[in-house]
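In the working numbering, the protein residues as written are 20 to 275. Think of the CB as a built atom: it goes at the ideal place given N, C-alpha and C, for glycine as much as any other residue. This one's a predicted model, so the numbers in the text were calculated from it and none came from an experiment. A short worksheet on the structure shown next.
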């Protein structure tokens with residue numbers, strides 16, 4: 020699997036990354052079909068397959084239920100893996116709760132270090148809510164992450180944004196940005212272009228429209244071939260789907 024730069028400070032990451040929402044949470048998700056959480060053995064096998072395929076980035080968050088803890092147990096000590104996690108959102112009693120105060124961010128980072136069993140977190144993103152532009156313009160949340168980066172607790176700082184305006188602000192403030200981009204939603208395309216010109220990293224979320232897009236090979240091919248895309252995050256707990264996704268990405272990159 021091709022490795023790519025994730026901005027000026029980010030690690031080298033595989034063109035395809037593994038999303039982990041389904042590792043630890045079933046409630047309040049937007050997938051078209053229900054699913055059972057994988058067993059520890061099933062999850063270990065899935066991560067082993069991803070590693071064998073050359074995937075080296077897994078994306079998680081405190082809002083993904085037990086995902087962080089399970090990832091930490093299984094691959095926290097494995098230096099092959101780069102882990103992206105987030106701050107600002109938790110999911111409790113069926114509802115999302117947001118807190119971007121400096122104290123909440125510091126507490127979240129320390130909790131993620133424990134859960135992931137990592138002294139230094141590779142990538143930490145603000146898990147932004149609908150008022151993402153306001154949070155970024157306020158500046159306190161980003162500044163807190165930058166302070167932790169300077170202390171060596173975090174390697175690269177980013178933001179997972181929801182709209183175009185916030186994405187463009189995040190390019191200015193952060194090392195990388197996570198944006199939604201798929202055949203049905205191209206609204207954040209200018210963020211990709213701006214980030215590429217600025218040498219910042221870009222992670223793509225919801226590349227398959229949360230499981231609602233059918234032509235998976237074409238969707239993945241189009242995204243990994245886009246200039247400026249560092250990695251495309253696809254969540255799955257199905258080994259066959261993971262293998263197919265890896266094949267689609269390799270074929271797309273070999274045809275460039």
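Contact under 8 angstroms by Cβ, residue i with residue j
i, j, result
"residue 177", "residue 194", "yes"
"residue 134", "residue 91", "yes"
"residue 110", "residue 44", "yes"
"residue 23", "residue 36", "no"
"residue 113", "residue 147", "no"
"residue 127", "residue 140", "no"
"residue 76", "residue 48", "no"
"residue 81", "residue 105", "yes"
"residue 270", "residue 20", "no"
For residue i, the three-state DSSP class (helix, strand or coil)
i, result
"residue 36", "strand"
"residue 114", "strand"
"residue 213", "helix"
"residue 80", "coil"
"residue 201", "strand"
"residue 41", "helix"
"residue 70", "helix"
"residue 218", "coil"
"residue 29", "coil"
"residue 246", "coil"
"residue 109", "strand"
"residue 274", "coil"
"residue 92", "helix"
"residue 255", "coil"
CB-CB length for residue i against residue j, believed under 8 angstroms
i, j, result
"residue 143", "residue 164", "6 angstroms"
"residue 103", "residue 138", "That belief does not hold up - the Cβ atoms of residue 103 and residue 138 are roughly 16 angstroms apart, past 8 angstroms."
"residue 228", "residue 201", "5 angstroms"
"residue 183", "residue 207", "6 angstroms"
"residue 213", "residue 198", "Their Cβ separation, rounded to whole angstroms, is 11 angstroms, which puts residue 213 and residue 198 out of contact at 8 angstroms."
Inter-stretch contact at 8 angstroms, needing at least 3 Cβ pairs: the region 52-67 / the region 25-36: no
Three CB pairs or more closer than 8 angstroms across the region 248-261 and the region 210-227: yes
Contact the region 38-52 vs the region 73-87: 3+ CB pairs below 8 angstroms: yes
Whole alpha helix (DSSP H) elements within the region 114-195, 4-residue minimum: 121-135, 151-157, 159-169, 183-192
The region 150-159 in contact with the region 117-127 per 3-pair CB rule at 8 angstroms: yes
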